[in-house]
Structures are given as C-alpha cells and as structure tokens.
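Read the structure below first, then the notes.
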Amino acid sequence: MYQLYYHPGNASLAPHAVLEEIGAEYELVFVDRAHDQHKSAPYLKLNPSGRIPVLIDGDLALFETAAICLHLADRHPEAGLAPAPGSTARAHFYKWLMYLATTLQTELITYFYPERLADDAAGAAQVKRHAEERVGGMLDIIEAELAGNGNGGAFLAGDAYSLADIYLMMLCRWTRGMARPAAARPHLARHIDQVAARPAIRRSFAAEGIEPPYFTLPGSAAK
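Sequential numbering of the sequence shown, starting at 1, is according to the UniProt record's numbering.
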C-alpha cells in the first residue's frame, strides 16, 4: 500500500488525484504545516527540502510532485495516465508536464512567498506583482495551446486524458485569488471544470475538505 504525505490543497493534490485515478490502495498521512511538521526531523529524513508531498512505496521514499506522479503512472500503465514511453505523444507529454512543474509552479511559489526574494514589505509586494504578471503570461500560453491543439481543449498533452491535465488543474486552482485567475480564460475554464468533474478528482477533493467554488474565490465573477 502506498502512503502519501499531504496537506490539503498543497502540491500533494495532484498525486492524490492520480492515486484515485489508478485505483491503488493508499493511505493519506496528514502533515501539519501549522505546527511546522514539514520541518521536523522525521519528515526531513523523508524529504530534506521540507516540502510536501512525499510518497512511500515500499522501501522507496519519493519526493517532488512531478516525479511522484510519473512514478505512479509508470507503475500503473493500465490506467492510461501517460502516453507510451518513446512515443511522440510521450515527448509532448513530458514537455507540458515539465512546463507546469518547472515554469508555472515555480513562478506560483514566487507569487505565494515573495518575501523570500525581498528585503522588506515593499520589495515583497513588487516581487508578488511581477510574479502574478508572469503567471498570467504562462496561463495565456496554455490557453492558446488548449484553443489550438485539435481536441477542442479537452486535453493538454495529446489526444487523451493524462496526469498533465491533473497537474494543470491543481496549479490553476492556486491562481483563484489572482486578479485574473486561470478560470477567467474560456478554454482553461472548460478544461479545469471537466477535470474537476471526474469522480476520482471529486473523491480527492472530498478527502482533503476542498469545496466549491474550486477555481475562484467565493463571490468572484471571474468566470
């Protein structure tokens, strides 16, 4: 049985949803961020970066969200969450998954923690503002891809649902407090809504206590 160390709505949401999609047995292990459990010695033995999530698979302790998702997809190919290795479709899948994990997600971390890159509150505010602008540009690139990829925007990385769609949904949810969240873009709005409607995604939301609206703040008119 897998164990997934998680905190509601954090980067653990994507592998949690992947676990639900593949139908594997797993246990959720809550990491109490309010009390810095992710910085405790036992947790740092699992993930020296102190970030969430960690997946335990037998003797393997794996961190980094994209790595966990890829590992699960490769361990359960019957679930069809990634194209066949070596295929052109797999190359495009890698491209978009890496874009999400190393470009969009990284900029979102800057948006949420601007004080790490500034010496005072004014500097942090400036960093946050620029990060939001850059995130907007990245979302525009994904919006254009969904508009023109030939499948009606149903999937990001090819002709079939994949863990890239799950990953995109998670990151789009993180933008819900922005002036122009992901859900303000029509193709992204349709895409993330259809992903969120899947039974496996709804189960992961329910287990983490995530309630609608999923991609905008209550009372928002973004959509």
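Every residue gets a Cβ at the ideal spot worked out from N, C-alpha and C, and that includes glycine. Please read all numbers here as calculations on a predicted model, not as lab measurements.
Fewer than three beta-carbon pairs drawn from the region 146 to 159 and the region 119 to 133 are found closer than 8 Å, and the two stretches are therefore not classed as touching. Beta-bridge annotation (DSSP): residue 56 is paired with 3, 61.
In the three-state scheme derived from DSSP, where H, G and I count as helix and E and B as strand, residue 211 is classed as coil. Look at residue 111 here: in three-state DSSP terms it is helix.
For the pair residue 101 and residue 85, the Cα-to-Cα distance works out to about 19 Å.
In terms of Cα proximity to residue 74, the closest of 90, 10, 208 is 90. Given a length threshold of 4 residues, each whole run of the alpha helix (DSSP H) inside the region 58 to 97 is given here in chain order: 65 to 75. With respect to residue 77, residue 157 sits apart: the two C-beta atoms are not nearer than 9 Å.
If you compare the alpha carbons of 139, 57, 198 with that of residue 26, the shortest gap goes to 57.
Looking only at 111, 195, 47, the smallest Cα-Cα distance to residue 167 is reached by 195. For residue 27, the pairing in a beta bridge is given by DSSP as 3.
Residue 198 sits in coil when the DSSP states are folded into three classes, being neither helix nor strand.
In this chain, the alpha helix (DSSP H) harbouring residue 14 covers 13 to 22.
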